[in-house]
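Peer 1: In UniProt numbering, the protein residues as written are 1 to 352.
By construction, the Cβ of each residue, glycine as well, lies at the ideal position given by its N, Cα and C atoms.
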Amino acid sequence: MINLFSAQIESMSIHRVGNKSRNESLFISENPHELSDELKPLIKEYFLKSFRDKEENYYHFVHENDLEFHQLYNLATDIFNNPSESHTVSKKITQLLFEESKHQHIKGGEVYVVYFENMLLDNEKVSAIGIFKSELKHDFLQFEEKQNNLDLILQQGVYLNKLDKGALIFNTEKETGYKILSVDSNKYDTKYWLEQFLQVDFFEDENFYTKKYLKFCENFAKDVVLPAEDKQQEVLFMNKAMNHFASNDNFNERNFLNDVLENPALEPEFQNYKTEKAPKYKVEDLSDFPISNTAVTAARKKIKSVINLDTNVQIKMDFIKGDSAEKFIEKGWDEDRQMFYYLVYFNKEEKS
Numbered sequence: 001m002i003n004l005f006s007a008q009i010e011s012m013s014i015h016r017v018g019n020k021s022r023n024e025s026l027f028i029s030e031n032p033h034e035l036s037d038e039l040k041p042l043i044k045e046y047f048l049k050s051f052r053d054k055e056e057n058y059y060h061f062v063h064e065n066d067l068e069f070h071q072l073y074n075l076a077t078d079i080f081n082n083p084s085e086s087h088t089v090s091k092k093i094t095q096l097l098f099e100e101s102k103h104q105h106i107k108g109g110e111v112y113v114v115y116f117e118n119m120l121l122d123n124e125k126v127s128a129i130g131i132f133k134s135e136l137k138h139d140f141l142q143f144e145e146k147q148n149n150l151d152l153i154l155q156q157g158v159y160l161n162k163l164d165k166g167a168l169i170f171n172t173e174k175e176t177g178y179k180i181l182s183v184d185s186n187k188y189d190t191k192y193w194l195e196q197f198l199q200v201d202f203f204e205d206e207n208f209y210t211k212k213y214l215k216f217c218e219n220f221a222k223d224v225v226l227p228a229e230d231k232q233q234e235v236l237f238m239n240k241a242m243n244h245f246a247s248n249d250n251f252n253e254r255n256f257l258n259d260v261l262e263n264p265a266l267e268p269e270f271q272n273y274k275t276e277k278a279p280k281y282k283v284e285d286l287s288d289f290p291i292s293n294t295a296v297t298a299a300r301k302k303i304k305s306v307i308n309l310d311t312n313v314q315i316k317m318d319f320i321k322g323d324s325a326e327k328f329i330e331k332g333w334d335e336d337r338q339m340f341y342y343l344v345y346f347n348k349e350e351k352s
């Protein structure tokens with residue numbers, strides 16, 4: 001889990017890359033940029049806001065042969081080993097980005113290479129390297145006094161509320177390719193940033209395992225439990241799955257199935273579904289792993305425990321205990337109306 005509040009910008013370099021396939025130029029600044037006290041908090045917020053708002057999906061540098069052949073990994077290591085040389089290394093990073101700016105859809109823009117201190121990652125202070133890129137320019141109005149009138153001037157600039165592209169490389173897990181976060185607000189060139197420039201893959205830790213397995217369970221509920229049972233049982237399955245993860249520090253698949261699957265006939269269906277879908281969700285070998293509470297909390301917020309009925313009625317089930325759907329909701333069939341119904345038990349109506 002990251003905390004960016006105490007992060008400090010120690011140095012920042014600004015360069016510009018164009019699109020190489022369109023013969024656009026590369027501009028390298030001779031010296032690092034000296035941030036004023038007025039600009040520093042604004043720029044820090046511009047760089048880091050997107051990472052605070054984004055779910056923590058970590059990556060790491062990978063190379064098919066060895067990390068020693070990964071250019072960006074080596075450049076990041078150079079900065080971590082000698083922060084005073086960060087501007088010199090930033091030129092090489094920008095050159096590397098320029099070399100990958102070949103597809104016709106890739107936009108040119110400013111590149112910022114920033115060295116941070118006092119990042120908090122899993123409650124430990126670490127240094128970090130930020131590589132950011134601003135691509136889209138926005139119109140804004142500027143005003144100038146001329147004699148007795150205000151003159152209106154149309155200019156273009158960077159919108160500080162939204163970062164176009166960015167990566168934070170944390171000075172931890174060096175042996176496996178560092179821990180990295182990435183954001184990309186512009187989806188027209190997704191392979192360019194992650195695959196071609198950063199050359200990263202998912203960092204497989206308890207956060208990764210927990211998210212992947214819960215996503216797999218969510219789709220099992222939708223694809224298998226719902227057709228075999230009904231929406232109530234689909235919701236009940238996911239509530240039980242979430243509560244199992246929330247109440248355990250370590251995941252064991254046998255214990256999970258015993259706790260969550262009430263219908264024994266669904267267990268072979270679960271195993272068949274896992275065999276079929278495992279590569280898609282990267283859960284082939286996942287049967288025992290430590291559980292990330294952060295990932296469980298994030299996943300719980302996304303799960304919709306709602307039954308939508310064709311009579312324009314919704315039943316929303318926001319349960320702390322997974323057996324609430326069984327205790328307080330009954331499903332039946334009304335012969336006179338020839339319709340299904342839900343019977344809901346309660347003590348009193350809660351005031352909103």
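Is W193 buried or exposed, if buried means 16 or more other CB atoms sit within 10 Å of its CB?
Peer 2: Label assigned to W193: buried.
Peer 1: Do three or more CB pairs link the region 22-38 to the region 153-165 at distances below 8 Å?
Peer 2: Segments in contact, no.
Peer 1: Give the secondary structure of M339 by DSSP, where H, G and I count as helix, E and B as strand, and everything else as coil.
Peer 2: M339: strand per DSSP, three-state reduction.
Peer 1: Considering only residues of the region 45-88, which uninterrupted beta strand (DSSP E) runs meet the minimum length of 3 residues and lie entirely inside it, listed in chain order?
Peer 2: As far as the region 45-88 is concerned, its whole beta strand (DSSP E) runs of at least 3 residues are 59-61.
Peer 1: Run the CB neighbour count on V313, radius 10 Å, all protein chains shown included, and call it buried at 16 or more, exposed below.
Peer 2: Its Cβ having fewer than 16 others within 10 Å, V313 is exposed.
Peer 1: Here's a check: name, in chain order, each residue in its chain whose Cβ is nearer than 8 Å to the Cβ of Y341, leaving out the five neighbours to either side.
Peer 2: Counting only Cβ-Cβ distances below 8 Å, and skipping sequence neighbours, we find K331, G332, W333 and D334.
Peer 1: Taking the alpha-carbon positions, what's the E284 to S50 distance?
Peer 2: Distance between the alpha carbons of E284 and S50: 32 Å.
Peer 1: Tell me the rounded alpha-carbon separation between K44 and K316.
Peer 2: For K44 and K316, the distance between alpha carbons rounds to 40 Å.
Peer 1: Given a cut-off of 7 Å on the beta-carbon distance, is the pair L168 and G130 in contact?
Peer 2: Contact: yes.
Peer 1: In the DSSP assignment, the alpha helix (DSSP H) including P264 goes from what residue to what residue?
Peer 2: Taken as a continuous stretch (DSSP letters only), P264 belongs to no alpha helix (DSSP H), as it is neither H nor E.
Peer 1: Beta-carbon within less than 8 Å of N186's beta-carbon, same chain only, minus the 5 sequence neighbours each way: which residues are those?
Peer 2: Hits under 8 Å: K107, E135, L136, D164 and K165.
Peer 1: Restricting to Cα atoms, I'd like to know which of N248, Q271, V225 and N250 is closest to M238.
Peer 2: The shortest C-alpha separation from M238 is found at V225.
Peer 1: Assuming the contact rule is C-beta atoms closer than 8 Å, Q8 and E100 should be a hit. Round their C-beta distance to whole Å, please.
Peer 2: At roughly 30 Å, the Cβ-Cβ gap does not stay under 8 Å, so Q8 and E100 are not in contact.
Peer 1: With three or more C-beta pairs closer than 8 Å as the rule, is the region 245-252 touching the region 284-298?
Peer 2: Segments in contact, yes.
Peer 1: Here's a check: name, in chain order, each residue in its chain whose Cβ is nearer than 6 Å to the Cβ of F208, leaving out the five neighbours to either side.
Peer 2: These residues qualify, in order along the chain: F202.
Peer 1: If you count every other CB in all the chains shown that lies within 10 Å of the CB of T275, and 16 or more means buried, which is it?
Peer 2: Result: exposed.
Peer 1: DSSP state of Y192, grouped into three classes?
Peer 2: Reduced to three states, the DSSP call for Y192 is helix.
Peer 1: From the DSSP output, which residues share a beta bridge with A128?
Peer 2: Beta-bridge pairing links A128 to F116 and F170.
Peer 1: Do L67 and G177 have their C-beta atoms closer together than 7 Å?
Peer 2: Closer than 7 Å, so yes.
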